[in-house]
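**Q** Under this note's numbering, the sequence shown has 121 at position 43, and the numbering climbs by one with no breaks. Ideal Cβ placement from N, Cα and C applies to all residues, glycine included. The structure is given below, and queries will be raised subsequently.
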Amino acid sequence: MSGHGLKFALLLHPAAYRRERGEELASVFADTTAGMGRWTTAREVIDLAGHGVRLRIGLGSDGLPSQLAALAAPFAATAAVAGGLASQVVDLARWHQLGVPSKVLWAEYGSFHVFLLGQGGLLLSLVAAIAAVFGRWTTARLSGLVGLLLTLTNTMIMLTYSPSWAEGQWALLIARAVVWYGPQALWVLILLAAPRDLLGPATRRRTWSALAGALMGGFALNTALGLGPVRSLNNGAGSVVLALVLGATELALLAVAVPALLRGRYGPAAAALAGSPIAFLMFSTAVSHLWKSGGHGTAVALFGIAAVIAVALSRRRPTIPDRQPPEAG
Numbered sequence: 079m080s081g082h083g084l085k086f087a088l089l090l091h092p093a094a095y096r097r098e099r100g101e102e103l104a105s106v107f108a109d110t111t112a113g114m115g116r117w118t119t120a121r122e123v124i125d126l127a128g129h130g131v132r133l134r135i136g137l138g139s140d141g142l143p144s145q146l147a148a149l150a151a152p153f154a155a156t157a158a159v160a161g162g163l164a165s166q167v168v169d170l171a172r173w174h175q176l177g178v179p180s181k182v183l184w185a186e187y188g189s190f191h192v193f194l195l196g197q198g199g200l201l202l203s204l205v206a207a208i209a210a211v212f213g214r215w216t217t218a219r220l221s222g223l224v225g226l227l228l229t230l231t232n233t234m235i236m237l238t239y240s241p242s243w244a245e246g247q248w249a250l251l252i253a254r255a256v257v258w259y260g261p262q263a264l265w266v267l268i269l270l271a272a273p274r275d276l277l278g279p280a281t282r283r284r285t286w287s288a289l290a291g292a293l294m295g296g297f298a299l300n301t302a303l304g305l306g307p308v309r310s311l312n313n314g315a316g317s318v319v320l321a322l323v324l325g326a327t328e329l330a331l332l333a334v335a336v337p338a339l340l341r342g343r344y345g346p347a348a349a350a351l352a353g354s355p356i357a358f359l360m361f362s363t364a365v366s367h368l369w370k371s372g373g374h375g376t377a378v379a380l381f382g383i384a385a386v387i388a389v390a391l392s393r394r395r396p397t398i399p400d401r402q403p404p405e406a407g
């Protein structure tokens, strides 16, 4: 089994890289897995396969995007699960206060596919977050990916049960699902983009990053979706103010990221990458609220200003000189 897995993992690498370093990779794999069990061997195969995929899409360890992803990975792992977990805890607490019968709760969560896909996806995402905090990155990435796939599968099944789906409004339902689960998907992609050799054991810095991710994912994400614990921020002017604050913070991080990178400081750029999913969602929420409240001109102007700033920042980006990769911790 390990022989077939190794061959498959090597085939995922670019042909030139495989010809140059294929034997070396196979030798290191053999030394690493010698006398080890199936789980260790499978873990090494997954790591090697992921390495090949990242090389094919230009995410090698020496590249700036990969280095930033490694710094943002602890944040992304916890943020990806915090939104769904916090939302479910709040729902259960509210239903308990309202005295909702257990039969209703069982109807909501007890069906086979909801329990297997929905709750299973949430549980695996939680495993991914815990594994990331403790530096178990193979477990974190595999659990995060499978958890996301289960969650999205459950979501698509639930959408088909909606009356709006039968009425032909499937495009609107899918668009809403993209808004709801887009940030989680982006955070999981950040986690997967981080090369294994840039991810080390648990550190205090990673722990603080993970706590920040849990706060952003659990509070800001649900608030942007109108599900947060502070109801005054879920809708109305409060939500717009919060959205603008987070959007301004993201733009500020992007503005200082380039000069910071030129000085060898990766923190602002990594923070901007980690916060980009929630910042984009909050900005979309603000524009949507302004549009629905009749402020069409303001909404269009706000969107246009953001687009101009984004284009200006992208054109301002200079060539970052080669540097030693920063430590992921």
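Sorted by chain position, which residues of the same chain lie with C-beta nearer than 6 angstroms to L90's C-beta, five sequence neighbours on each side aside?
**A** A127, G130 and V131
**Q** Using a 10 Å radius around the Cβ and a threshold of 16 neighbouring Cβ atoms, would you call M234 buried or exposed?
**A** exposed
**Q** Counting C-beta neighbours from all protein chains within 10 Å, is the total for S105 16 or more, i.e. buried, or is it exposed?
**A** exposed
**Q** Just verifying my parser: in three-state terms, what is the DSSP assignment at V334?
**A** Looking at V334 - three-state DSSP - the assignment turns out to be helix.
**Q** Would you kindly report the start and end of the unbroken alpha helix (DSSP H) that includes L137?
**A** Premise fails: L137 is in no alpha helix (DSSP H) and is neither H nor E.
**Q** For T110, which residues in the same chain have their Cβ closer than 7 angstroms to its Cβ, ignoring the five residues on either side in sequence?
**A** E122
**Q** Could you tell me the alpha carbon to alpha carbon distance between V386 and F358, rounded to whole angstroms?
**A** 15 angstroms
**Q** Enumerate in chain order the residues of its own chain whose CB-to-CB distance from W286 is below 7 angstroms, with the five nearest sequence positions on each side excluded.
**A** none
**Q** Could you spell out the range, first to last residue, of the alpha helix (DSSP H) harbouring E245?
**A** Looking at the DSSP string, E245 is not in any alpha helix (DSSP H), and its letter there is neither H nor E.
**Q** Would you mind stating whether T216 and I135 have Cβ atoms separated by less than 8 angstroms?
**A** no
**Q** So A288 and F153 are in contact, right, with Cβ under 8 angstroms, and what is the actual spacing, rounded?
**A** 7 angstroms
**Q** Restricting to Cα atoms, I'd like to know which of R341, P346, V323 and A158 is closest to A333.
**A** P346
**Q** Go ahead and label Q262 buried or exposed: buried means 16 or more other beta carbons lie within 10 angstroms of its beta carbon, across all protein chains shown.
**A** buried
**Q** Let me know the secondary structure DSSP gives S371 once reduced to three states.
**A** In the three-state reduction of the DSSP assignment, S371 falls in the coil class.
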